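Visitor:
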Amino acid sequence: MRLCFLVEEHYRRDGMPLDVARQLTTWGHRVEVLRPGDSLMAISEAVRAGSHDAWVLKTVSGGPGLTLLEAAATVGLTTVNDVRSIRGVRDKALASVIARTRGLPVPVTYAAARWERLAEIPAAEYPLVVKPADGSSGRGVRLVAGPDDLIGLGPELAGQGLLIAQPYVPNDGTDLKVYCIDGELFATERSSPLHPGEGVRERQVPLPGSVARIAAQVGEVFGLDLYGVDVLLGPDGPVVVDVNDFPSFRQVPDAVARVARAVLRLARSGTAGSVPALVPAGGDFGRLGLVDGGLR
Numbered sequence: 001m002r003l004c005f006l007v008e009e010h011y012r013r014d015g016m017p018l019d020v021a022r023q024l025t026t027w028g029h030r031v032e033v034l035r036p037g038d039s040l041m042a043i044s045e046a047v048r049a050g051s052h053d054a055w056v057l058k059t060v061s062g063g064p065g066l067t068l069l070e071a072a073a074t075v076g077l078t079t080v081n082d083v084r085s086i087r088g089v090r091d092k093a094l095a096s097v098i099a100r101t102r103g104l105p106v107p108v109t110y111a112a113a114r115w116e117r118l119a120e121i122p123a124a125e126y127p128l129v130v131k132p133a134d135g136s137s138g139r140g141v142r143l144v145a146g147p148d149d150l151i152g153l154g155p156e157l158a159g160q161g162l163l164i165a166q167p168y169v170p171n172d173g174t175d176l177k178v179y180c181i182d183g184e185l186f187a188t189e190r191s192s193p194l195h196p197g198e199g200v201r202e203r204q205v206p207l208p209g210s211v212a213r214i215a216a217q218v219g220e221v222f223g224l225d226l227y228g229v230d231v232l233l234g235p236d237g238p239v240v241v242d243v244n245d246f247p248s249f250r251q252v253p254d255a256v257a258r259v260a261r262a263v264l265r266l267a268r269s270g271t272a273g274s275v276p277a278l279v280p281a282g283g284d285f286g287r288l289g290l291v292d293g294g295l296r
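Position 96 of the sequence shown, counted from 1, bears residue number 96 in the UniProt record's numbering, the numbering being contiguous throughout.
#1: What does the alpha-carbon distance come out to for the pair Tyr11 and Pro247?
#2: Please go through the same chain and pick out, in chain order, the residues whose beta-carbon is closer than 6 Å to the beta-carbon of Tyr179, but skip the five residues on each side of it.
#3: Measuring straight from C-alpha to C-alpha, what distance separates His195 and Leu143?
#4: Threshold first: 3 residues or longer. Then list the beta strand (DSSP E) segments lying entirely within the segment 169-244, N to C.
#5: How is the beta strand (DSSP E) around Gln160 delimited, first residue to last?
#6: In chain order, what residues of the same chain have a beta carbon less than 6 Å from the beta carbon of Gly28, not counting five sequence neighbours either side?
#7: May I have the straight-line CA-CA distance separating Pro17 from Leu3, to the nearest angstrom?
#8: When you compare the CB positions of Leu163 and Ala133, do they come within less than 8 Å of one another, or not?
#9: What first and last residue would you give for the alpha helix (DSSP H) that runs through Glu70?
#10: I need the boundaries of the beta strand (DSSP E) containing Arg30, first residue and last residue.
#11: Which word fits Val108, buried or exposed, when buried means at least 16 other C-beta atoms lie within 10 angstroms of its C-beta?
#12: Measure the C-alpha to C-alpha separation of Val47 and Gly154 and round it to an integer number of angstroms.
#13: Assign Arg268 to one of two classes, buried (16 or more other C-beta atoms within 10 Å of its C-beta) or exposed (fewer than that).
#14: Taking the alpha helix (DSSP H) that residue 298 falls in, what are its first and last residues?
#15: Under 7 Å Cβ to Cβ from Ala72, same chain only, skipping five residues before and after it: list those, please.
#16: In chain order, what are the residue ranges of uninterrupted beta strand (DSSP E) at least 3 long that sit wholly in the segment 87-116?
What follows is the structure in structure tokens.
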């Protein structure tokens with residue numbers, strides 16, 4: 001098969017997804033890697049040629065890769081994940097509305113284009129978690145204890161675009177990260193970015209049934225095939241605090257081969273976003289066509 005991976009500069013040295021590209025080339029498939037943030041591309045010709053069976057995106061929120069992926073989808077090319085699903089989770093304000101409307105357990109979410117407006121949130125809602133609506137990889141996530149602390153953070157929050165704020169979910173400092181690879185669910189735990197001093201060892205853990213049902217529902221609601229869900233086990237049960245398309249899949253057994261097989265299945269089916277039933281889971285780059293840096 002012929003596959004195009006769009007990889008932003010932020011991930012140029014990450015194993016995911018470049019190790020997946022290497023695995024696919026080892027299996028005899030032709031993989032082209034484009035770096036939208038550091039390449040001159042004849043974008044109209046690249047998309048119009050339709051020379052790839054599927055396009056795969058690994059990008060930061062708001063990166064130029066999403067534009068290229070949307071262009072490919074517009075002319076009927078297969079994308080992994082479905083480009084509409086990616087857009088739905090990249091905007092965290094939009095994602096919170098979709099999630100709550102569809103019955104997912106997510107905190108009440110406030111949004112403001114100017115940080116000063118967050119001061120209108122009732123004091124009873126504190127502590128708050130504040131982050132950019134287009135953030136990724138934990139960037140810009142802050143725990144705000146009270147209104148006075150919000151004022152002190154003003155200079156840091158200014159100029160970050162749309163901000164969202166959610167009441168803090170009390171927890172033991174452990175984030176439960178659930179990964180989905182084409183229908184298989186895997187649970188891992190790690191230290192919360194809000195409690196870095198807890199020192200939780202990152203590892204795979206058993207997936208509670210209640211969390212598995214929520215993670216499956218996330219895939220159905222957003223139409224994702226490859227995704228991650230950040231869950232906190234709060235006093236009132238599991239709470240979804242973030243959803244990511246094409247995450248790192250750290251601690252997932254044989255993750256590279258699993259993701260590579262999922263990409264192939266989605267490319268062959270000619271669709272993305274058609275979510276299967278979810279169940280808990282118990283080379284030579286130049287010769288093979290892997291391009292580092294742009295179109296050729």
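Each residue gets a CB set at the ideal place from its N, CA and C atoms; glycine is no exception. As the structure is a prediction and not an experimental result, all values here were calculated from the model.
Guide: Put simply:
#1: 11 Å
#2: Phe186, Gly228, Phe249 and Val252
#3: 9 Å
#4: DSSP runs (the beta strand (DSSP E)) wholly in the segment 169-244: 174-181, 184-191, 203-205 and 226-234.
#5: For Gln160, no beta strand (DSSP E) segment is defined, and its DSSP state is neither H nor E.
#6: none
#7: 13 Å
#8: yes
#9: Looking at the DSSP string, the run of the alpha helix (DSSP H) that includes Glu70 is Gly65 to Thr74.
#10: Arg30 to Leu34
#11: An exposed status is given to Val108, since fewer than 16 other beta-carbon atoms sit within 10 Å of its beta-carbon.
#12: 42 Å
#13: A residue is called buried once 16 or more other Cβ atoms fall within 10 Å of its Cβ, and Arg268, having fewer, is exposed.
#14: Outside the shown range of the chain, which is 1 to 296, sits residue 298, and nothing can be said about it.
#15: Excluding residues within five positions, the ones whose Cβ falls inside 7 Å are Val47, Trp55 and Thr79.
#16: Whole beta strand (DSSP E) segments, 3+ residues: 110-112.
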